[in-house]
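> I have a structure I would like to understand better, so I am pasting it below and will then ask my questions one at a time.
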Amino acid sequence: MHRLFVALRPPPPIRARLLGLMGGVPGARWQSEDQLHLTLRFVGEVDSRTADDVAAALGSIRFDLPPLRLSGCGMFDTRGKPNALWAGVAPRDPLAALHRKVDAAIVRAGLEPEHRAFVPHITLARLSGSAGPADRFLVDHAGLTSPDFAVTHMTLYESRLRHGGASYDAIERYRLNAI
853 MHRLFVALRP
863 PPPIRARLLG
873 LMGGVPGARW
883 QSEDQLHLTL
893 RFVGEVDSRT
903 ADDVAAALGS
913 IRFDLPPLRL
923 SGCGMFDTRG
933 KPNALWAGVA
943 PRDPLAALHR
953 KVDAAIVRAG
963 LEPEHRAFVP
973 HITLARLSGS
983 AGPADRFLVD
993 HAGLTSPDFA
1003 VTHMTLYESR
1013 LRHGGASYDA
1023 IERYRLNAI
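Taking the numbering used here, the leading residue of the sequence shown gets 853, the next gets one more, and so forth.
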């Protein structure tokens, strides 16, 4: 079985900026440089044949992605319990349009459509019940921004869950801005 997702990888200067933000929340599990990405669609566990179908379907996508920029920070929670800190990415509308195209391609490959709302973000930290409060972090980085940056590819990744966290292997890269 293959645990797959489709993502955009920000360029090195943006990843360095995000790494520089990390800290100040006791017990947070901060992402490593290798883990920084914007998930367009989590695919989940699939067999090899379905993985090949997903890879082929993603190859049909043509999309002209405008320059992106970091835009604020936020926190996700599950039933009121914080579970992740993230950096927002803008502009939202073109990213949402690309998400819809990726979702449609994955549905063509035989999988269910995405049911969660799409929030363009890069996860910075995972929070467990033992993590300290993140309020100060959110206040300090509410105005996060960056110069515009280009992302020229989207990537199909395989995620391998390990004791120290997930590792990601690029399976296939798809050129954007090639309309």
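Glycine included, C-beta positions come from ideal geometry on N, C-alpha and C.
Name the DSSP bridge partner or partners of F894?
Here residue 894 is taken as the residue at index 42 of the sequence shown, counted from 1. Answer is F857.
> What is the rounded straight-line gap between the Cα of V959 and the Cα of S1011?
Within the sequence shown, the letter at position 107 stands for residue 959. Within the sequence shown, the letter at position 159 stands for residue 1011. The straight-line gap from Cα to Cα measures roughly 20 Å.
> Can you name, in chain order, every residue of its own chain whose Cβ lies under 6 Å from the Cβ of A948, other than the five neighbours on each side?
By one-based count along the sequence shown, residue 948 stands at place 96. Excluding residues within five positions, the ones whose Cβ falls inside 6 Å are F970.
> P965 to T1007, Cα distance in whole Å?
The residue labelled residue 965 in the question sits at position 113 within the sequence shown. The residue labelled residue 1007 in the question sits at position 155 within the sequence shown. Roughly 19 Å separates the two Cα atoms.
> When you compare only the Cα positions, how much space is there between I1031 and F915?
Locating residue 1031 in the sequence shown gives position 179, counting from the first residue. Locating residue 915 in the sequence shown gives position 63, counting from the first residue. At I1031 the pLDDT is 49, less than 50, meaning the model places this residue with poor confidence; the figure from the coordinates comes in the next sentence. When rounded, the distance between both Cα atoms is 6 Å.
> Under the DSSP definition of a beta bridge, which residues are partnered with V941?
Translated into positions along the sequence shown, residue 941 becomes position 89. In the DSSP output, where bridge partners are listed per residue, V941 has L922.
> Does V991 pass the burial test, meaning 16 or more other C-beta atoms within 10 Å, or should it be called exposed?
The residue given as residue 991 occupies position 139 in the sequence shown. Under this definition V991 is an exposed residue.
> Give me, in chain order, the residues of the same chain whose beta-carbon lies closer than 6 Å to that of A942; leave out the 5 immediate sequence neighbours on both sides.
For the purposes of this step, residue 942 is identified with residue 90 of the sequence shown, where counting begins at 1. Closer than 6 Å at the Cβ level, and outside the excluded window around A942, lie R921 and S923.
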